[in-house]
Amino acid sequence: MEKKVPKNIFREGPIAPAFIADSIAKHATQTGIGGHSIFLGQVRADQIDSHTVKAIDYSSHQEMALEKMHVIREELFAKYDLTCMHVYHSLGMVRTGEICLFVFTSAKHRAAAISASSECVERIKTELPVWGKEIFEQDGYQWKINS
Amino acid sequence: MEKKVPKNIFREGPIAPAFIADSIAKHATQTGIGGHSIFLGQVRADQIDSHTVKAIDYSSHQEMALEKMHVIREELFAKYDLTCMHVYHSLGMVRTGEICLFVFTSAKHRAAAISASSECVERIKTELPVWGKEIFEQDGYQWKINS
Amino acid sequence: MKQMDILFFGQLTDLVGAGTIQIENPGTVDQLKKLLFEKYPAMTNTSFTIAINNKLAVADEEITDGATIACMPPFSGG
Amino acid sequence: MKQMDILFFGQLTDLVGAGTIQIENPGTVDQLKKLLFEKYPAMTNTSFTIAINNKLAVADEEITDGATIACMPPFSGG
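This is the structure we're talking about:
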């Protein structure tokens, strides 16, 4: 049996609102869908001591992240009655106010879409080998810590 | 004290993906936001006996719905640490595959945004005086029942 | 007694054949229901709630002249 | 012993001063850690996990030649 090649979830730089709109519009032909649940991560201008975050520079152990994401996807499809699931995560620089994560689930009934997207976000945060370097306004940086 | 005029959540016809993109883009200046949660209701081509739904025609006791939505909004802002909440519901004809409900919450931390949007959707479905008339492909209709 | 508008929504518009009817103020919500059941016997088999001035009403609630009265089947938005 | 690449991510790249180093296959994950702690004493105070061929490794796991080895601090994506 051929091993399925995992989808590439990574995009260089921020995720544009127009890209999100296109993703939504593409589902208009899937008339079995009753609800979409979308989560968007946006880079915050956090204050850290005397510094202000101006961007996050994301890096990843990509091959491992894609394999893991493939497992998460299969487990969520097994657990919930989903029609579609799309995930996009930025790599490289994403400035404050820009979107760095886009999780999009669709299902016949809203409960499945909502639970799956929320669970997917938690798993992405804890299980994907991705790191964020918070770049400060003036200079310097610190490595992001997920709470 | 002046009574606050409730926001009008109603839009004639379907909610366009481009409108959703614009709503997202407008939040780029709010750099205290870390997460957005969006729910979209899409009209399903349900099979009912020998009929197929081709559209839902929405009507509402609008003045009451807007007052109720105002209460829901205030209660969710009191309960969750939210930055923004936007709700749009279609009136009139929305064809299958089109968006009829757009709930959009934003917060510093994802948990608040996710819980608030999901709770908001449930409350909209059960508490807002809105009715859907499911229009069939050939002819005929039936009144929608929320599960 | 003043004339007042009663609004109907959803499947009640089919049953009543109109979105609005005019009646004389029946006094209370219970009396309004009695009157509606006489005019539209099919309403006795229909689940609906009554709102006065955009608030759900209780059974013996008094109806003041000029109030907005709405008869509403179960909601089905979203 | 074959030469192999060890990949570093996140704050470990600062600590090691590189994203990749080449070492001889140390044999097991425990031996790899011992070797890294000797070369980079600051790593002893750092929380990190080791992945072999994209799977989290256990302490006494054997390292086969040609495996992809990654040293990873706690994840902070999203």
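Chains as they are written, first to last, in my numbering: chain L, 3 to 149; chain U, 3 to 149; chain W, 637 to 714; chain Z, 637 to 714.
Don't be surprised by glycine CBs; every beta carbon is placed ideally from N, CA and C.
Between the stretch 67–75 of chain L and the stretch 4–15 of chain U there are fewer than three inter-stretch CB-CB distances shorter than 8 Å, so the stretches are not counted as touching. Around the beta carbon of L:S52, fewer than 16 other beta carbons sit within 10 angstroms, so the residue counts as exposed. Nearest C-alpha to U:A80 among U:A114, U:S120, U:I126 and U:P131: U:A114.
Judged by pairs of C-beta atoms under 8 Å, the stretch 89–105 of chain L touches the stretch 36–43 of chain L, as three or more such pairs exist. Under the DSSP definition of a beta bridge, U:V96 partners with U:I58. For U:D24, the enclosing alpha helix (DSSP H) starts and ends at P19 to A27.
Interface flag for Z:Q658 against chain L is unset, since no Cβ pair is found closer than 9 Å. Within chain L, not a single residue places a beta-carbon under 8 Å from that of U:Q49; the smallest gap is close to 10 Å.
Collapsing the DSSP output to three states places U:T31 in a helix. According to DSSP, W:F644 shares a beta bridge with W:C707. In the pairwise beta carbon analysis, the stretch 695–706 of chain W is classified as not touching the stretch 687–699 of chain Z: fewer than three pairs are separated by under 8 Å. The stretch 665–684 of chain Z and the stretch 680–689 of chain W do not touch, with fewer than 3 CB-CB distances between them shorter than 8 Å. Per DSSP, U:H38 is one residue of the beta strand (DSSP E) stretching across G37 to Q44.
Here W:E697 carries a coil assignment [DSSP, helix/strand/coil]. Residues of chain Z whose Cβ lies closer than 8 Å to the Cβ of L:Y60 are, in chain order, G713.
Secondary structure of L:H72 (DSSP, three-state): helix. With respect to the C-alpha of L:A23, the residue from U:D24, U:I26, U:S25 and U:P19 having the closest C-alpha is U:P19.
For W:N690, the C-beta contacts it makes with chain U under 8 Å involve H63, E65, M66, E69 and K70, in order along the chain.
Judged by DSSP in its simplified three-state form, U:L130 adopts coil rather than helix or strand. Looking from the CA of L:S120, the closest CA among L:V45, L:H88 and L:M66 belongs to L:H88. Only buried fits U:I35, as 16 or more other CB atoms lie within 10 angstroms of its CB.
Inclusion of U:A57 and U:I137 in the CB contact set at 9 Å is warranted, their separation being smaller than that value.
Shown in chain order are the members of the stretch 100–131 of chain L whose Cβ falls below 8 Å from a Cβ of chain Z: C102, L103, V123, I126, K127, T128, E129, L130 and P131. With contacts defined by Cβ atoms closer than 9 Å, Z:S712 and L:I116 do not form a contacting pair. Between the alpha carbons of U:D59 and W:F644 lies a gap of roughly 16 Å.
L:G99 sits close to U:H29, with the two beta carbons spaced by under 9 Å. DSSP places W:F684 in no alpha helix (DSSP H); its state is neither H nor E.
About 7 Å separates the Cβ atoms of Z:E698 and Z:G663, confirming a contact at the 8 Å cut-off.
Inclusion of U:V45 and L:T31 in the CB contact set at 9 Å is not warranted, their separation being larger than that value. Taking a beta-carbon distance threshold of 9 Å, L:H88 does not count as an interface residue toward chain U. Listed along chain W are S712, each with a C-beta nearer than 8 Å to that of U:K146. Here U:E136 is bridged, per DSSP, to U:I58 and U:Q144. Residue contact check for W:L672 against chain U: no CB pair falls below 9 Å. Secondary structure of L:I116 (DSSP, three-state): helix.
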